[in-house]
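The sequence shown stops at residue 83 when you use UniProt numbering, and every number in between is there. Virtual Cβ for every residue (Gly too), placed ideally from N, Cα, C. All figures in this text were calculated on a predicted structure; none of them were measured in a lab.
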Amino acid sequence: MNDEIAELGELPRSIMVRTWSGRRDLFQAPVLGPNHTPYEECLFVFNIKVTDNYSYKSSIVRFQYPHINIGKNISGMSGVTSL
Numbered sequence: 001m002n003d004e005i006a007e008l009g010e011l012p013r014s015i016m017v018r019t020w021s022g023r024r025d026l027f028q029a030p031v032l033g034p035n036h037t038p039y040e041e042c043l044f045v046f047n048i049k050v051t052d053n054y055s056y057k058s059s060i061v062r063f064q065y066p067h068i069n070i071g072k073n074i075s076g077m078s079g080v081t082s083l
């Protein structure tokens with residue numbers, strides 16, 4: 001696991017990684033939406049749990065998305081389009 005973390009190197013300013021002391025199996029990666037897009041300044045969060053037999057079994061990743069309005073006709077929360 002340490003090798004994979006070292007390979008990340010320096011991340012872009014819009015991506016952060018949070019860890020908890022004593023819990024090397026849990027990570028949180030908040031990602032800020034890109035500039036000049038409908039997602040600008042929106043926070044997307046990935047919660048990551050590394051499995052006990054990591055490298056033989058994939059980690060579990062849960063994605064939290066923001067509830068935003070994308071433009072005036074599409075609701076990012078429900079996906080409903082109004083004409």
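| DSSP on D25, reduced to helix/strand/coil? | By 1-based counting over the sequence shown, the position of residue 25 is 25. Assignment of D25 by DSSP, reduced to helix, strand and coil, places it in the strand class.
| Taking the continuous alpha helix (DSSP H) assigned at L8, which residues delimit it? | Taking the first residue of the sequence shown as 1, we reach residue 8 at position 8. Its alpha helix (DSSP H) spans residues 2-8.
| Integer Cβ distance of I48 from F27, believed to fall under 8 angstroms | Residue 48 sits at position 48 when you count from the first residue of the sequence shown. Residue 27 sits at position 27 when you count from the first residue of the sequence shown. Separation of the CB atoms of I48 and F27 is rounded to 4 angstroms, and the pair is thereby assigned contact status at 8 angstroms.
| request: Note down the Cα distance separating V17 from L8, rounded to an integer number of angstroms. | output: Against the sequence shown, residue 17 aligns to sequence position 17. Against the sequence shown, residue 8 aligns to sequence position 8. About 10 angstroms.
| request: Indicate whether F44 and V31 have their beta-carbon atoms separated by less than 8 angstroms. | output: In the sequence shown, counting from the first residue as 1, residue 44 sits at position 44. In the sequence shown, counting from the first residue as 1, residue 31 sits at position 31. In this structure, V31 lies closer than 8 angstroms to F44 by Cβ.
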